[in-house]
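Beneath this line is the structure, given in structure tokens, with notes to follow.
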Amino acid sequence: MPSRIVYLDHASTTPVRPEVLEAMLPYFSERFGNPSSIYGLAQDARKGVDGARAAVAGILGCRPAEVMFTSGGSESDNTAIKGVAFASRQWGNHIVTSSIEHHAVLHTCQFLEKFGFDITYLPVDADGLVGPDDLAAALTARTVLVSIMYANNEIGTVQPIAELAEVVRRRGKALGRVIPFHTDAVQAPGALDLNVDRLGVDLLSLSAHKFYGPKGCGVLYVRRGTPLLPQQQGGSQERFRRAGTENTPGIVGTARALELVVAEQETESARLIGLRERLISRLSERIPRTRLNGHPTLRLPNNVNVSFEAVEGEPVLLGLDFAGVCASSGSACTSASLEPSHVLSALGLPADIAHASLRLTLGRENTEEDVQYLLATLPDIVARLRALSPLARAAQG
């Protein structure tokens, strides 16, 4: 067992903050009532849910009634895409998304193809950006939804969401109707603006465990008037949009975590950018043939995604794990797959370089000492693996 643990996988999940746990605890015990009941004990729980909804709405710049609580980002994405698609068939059956979306979006779109929906998967450039002109060209009179993620979970590239949403708004205006725009913003809290009007989005997905809240809790913003067919029936909760007894502790924890991460956003983002840039520059200096994946500047403050020529990502991860460093080779949802990351493939990277990727995502607990420890550990791991690699020996002649 390593004597030191350095956690560098915050894009995968984050620990629950003590302040968040403290806010949640009463709703497991003395305030355990069902928010749908009318007696006093239940109304204590209802106040917790209502207060959390108002807090989230304040951050998103929307009405509380437009905030829907879910079980996480995957459910929020599924509900947004399926809900709008099935509610909009009178206008068409065409959906536009990008080739680098999280699988919660891609697999949902693939599911809809079985029901007669046509999906356009937009390409991205070498940095992972969707082109506004490509989006405009993809829109048709049958388009009923556009879903483009705010910031990529693997490479950290941040999309120009407001610009893309304006392209969709103009096309909808020409058609005499609204084409709803959804964004998977799971990686955005604590780093990017979440105001839905400034972004111009109609639906937005969040997941609490990405910003130091509890797992199994999420948010879906749905702009008033957006067509949405509920995906879960059985009760009147969430204004009939999602049946099921509310997860009161999780909802309260989600709101508290979001409040905290947004309040600290400016200072914490600046700190993480400093660590990120130091890490990128030092890795390039100390490990020859290192490639940065994703946009060099339009990227999340905490994201470093690199590929090392002539090694594979999995042995690097195992070496880091042995040294006490927790990292990832891509999305945690696909880390067991032998296929190269679909995101890196969409950037045009060859399979051997895509297989050699390492994702390091910093968080609020990380320090300069953590970065120094990684820089003292990782170059030796890569050097040892290259010495054993037939690819490296071939490259050296």
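Residue numbers for the sequence shown follow the numbering used here, so the first one is 26 and each next one is one higher.
Ideal Cβ positions, reconstructed from N, Cα and C, are used throughout, including at glycine.
Bear in mind the structure is a predicted one, so any value in this text is a computation, not a measurement.
Between the region 285-302 and the region 257-267, the count of Cβ pairs shorter than 8 angstroms is below three; the stretches do not touch.
Ranking L254, L164 and P89 by CA distance to the CA of G108 puts L254 first. When the alpha-carbon of T122 is set against those of S309, C134 and E55, the nearest one is in C134. Following the DSSP letters along the chain, one finds S370 inside the alpha helix (DSSP H) bounded by residues H367 to A371.
DSSP, reduced to helix, strand and coil, places G98 within a helical segment of the structure shown.
If you check the CB distance, I120 and F142 come in under 8 angstroms. Fully contained in the region 155-211 are the following alpha helix (DSSP H) runs of length 4 or more, in chain order: 157-163 and 186-200.
Straight across, the Cα-Cα distance linking S370 with V155 is about 15 angstroms. For S294, there is no enclosing beta strand (DSSP E); the enclosing alpha helix (DSSP H) has its first and last residue at Q290 to R311. Minimum Cα-Cα distance from I186 among the listed residues P214, V221 and G197 corresponds to V221. In the DSSP assignment, G349 falls outside any beta strand (DSSP E), carrying neither H nor E. Rounded to the nearest angstrom, the Cβ distance from D158 to T182 is 18 angstroms, too far for a contact under 8 angstroms. Apart from sequence neighbours up to five positions away, the residues of its chain that approach S414 with a beta-carbon distance below 7 angstroms are A335 and V336, ordered along the chain. Residue environment: Q115 is assigned as exposed (fewer than 16 neighbouring CB atoms within 10 Å of its CB, all protein chains considered). When secondary structure is reduced to three states using DSSP, H320 falls in the coil class, being assigned neither helix nor strand. With fewer than 16 other CB atoms across the displayed protein chains lying within 10 angstroms of its CB, F53 is exposed. Between P214 and the set E289, L400 and G259, the nearest pair of CA atoms involves E289. Rounded to whole angstroms, the Cβ separation of I312 and V169 is 47 angstroms, and the two are not in contact under 8 angstroms. Judged by DSSP in its simplified three-state form, T104 adopts helix. Rounded to the nearest angstrom, the Cβ distance from L217 to Y175 is 6 angstroms, consistent with a contact under 8 angstroms. Around the beta carbon of F140, a 10 Å sphere encloses fewer than 16 other beta carbons of the protein chains shown; the residue is thus reported as exposed. Linking V41 to S353 through their CA atoms gives a straight-line distance of about 20 angstroms. Beta bridge pairing from DSSP links F333 with T315.
Linking E394 to R29 through their CA atoms gives a straight-line distance of about 11 angstroms.
The beta carbons of G319 and I144 sit no closer together than 8 angstroms. Between the C-alpha atoms of K235 and R411 there is a straight-line separation of about 34 angstroms.
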